[in-house]
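Data first, discussion second: the structure below is written as structure tokens.
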Amino acid sequence: MSMVLAGPAYAAALAEMHLAAFPDDPWSEADFAALLAQTGMAAFVDARGGFLLLRVVADEAEVITLGAVARRQGIGRALLQGALEYARARGVVRIFLEVAEGNAAALGLYAAFGFVSMGRRRGYYPDGGDALTMGLAISV
Numbered sequence: 007m008s009m010v011l012a013g014p015a016y017a018a019a020l021a022e023m024h025l026a027a028f029p030d031d032p033w034s035e036a037d038f039a040a041l042l043a044q045t046g047m048a049a050f051v052d053a054r055g056g057f058l059l060l061r062v063v064a065d066e067a068e069v070i071t072l073g074a075v076a077r078r079q080g081i082g083r084a085l086l087q088g089a090l091e092y093a094r095a096r097g098v099v100r101i102f103l104e105v106a107e108g109n110a111a112a113l114g115l116y117a118a119f120g121f122v123s124m125g126r127r128r129g130y131y132p133d134g135g136d137a138l139t140m141g142l143a144i145s146v
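Right, here's the structure in full:
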């Protein structure tokens, strides 16, 4: 598998990939360094050009961000699968995330894994767009 669990040394690479995946809302190297320093934070990097940050707290987890530079290559699917396996191994029973309401590709990916819509965060994104909150119950 081309995925690795990434530590603080990956902050610059994560910022670069985030800029490529989300040019309208880039996160800096300092943003990633601060996130990676938090307790319970795990970062996954796919060598093909993708990343996922997951925060685990007790028996719950949150996907902080998931991005793929190359679209339709199975990168997001591989990252999400890896994050779910990581979470299960740590006793997580529920995973949550926010996703842009208009991001059909991401919504399709999450639905394929069984995530269900739980609500809406109005004006969540810098462009004023709404986010859908989604959740998934997993068995350990």
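In the numbering used here, the protein residues as written are 7 to 146.
Where a beta carbon is used, it is the ideal one built from N, C-alpha and C, also for glycine.
Note that the coordinates shown come from a computational prediction; the quantities given were computed from them, not determined experimentally.
Looking at the secondary structure, which residues open and close the alpha helix (DSSP H) in which residue i lies?
i          : result
residue 38 : 35-42
residue 19 : 17-27
Confirm the yes/no value for this check: CB of residue i, any heavy atom of the ligand ATP, distance under 7 Å.
i           : result
residue 130 : Summarising the ligand content, the structure contains no ligands, and the ligand ATP is consequently not present.
Does the beta-carbon of residue i have 16 or more other beta-carbons within 10 angstroms, so that it is buried, or is it exposed?
i          : result
residue 15 : exposed
residue 71 : buried
residue 73 : buried
Relative to the C-alpha of residue i, which candidate in the options has its C-alpha closest?
i           : options             : result
residue 68  : 105, 79, 54 and 109 : 105
residue 120 : 52, 64, 134 and 145 : 145
I need the boundaries of the beta strand (DSSP E) containing residue i, first residue and last residue.
i           : result
residue 50  : 47-52
residue 125 : 122-127
- Could you tell me which uninterrupted alpha helix (DSSP H) segments, each at least 4 residues in length, are contained entirely in the segment 68-119, listed from first to last along the chain? You should have 81-95 and 110-118.
- Query: Does the segment 36-48 touch the segment 57-70, meaning 3 or more C-beta pairs lie closer than 8 Å?
  - Reply: Counting Cβ pairs under 8 Å, three or more are found: they touch.
- Message: Quick check: the segment 75-87 against the segment 107-118, are at least 3 beta-carbon pairs closer than 8 Å?
- Response: Touching, yes.
- Message: Across the segment 127-145 and the segment 87-101, are there enough close Cβ pairs to call them in contact, namely three or more that are closer than 8 Å?
- Response: Yes, the segment 127-145 touches the segment 87-101.
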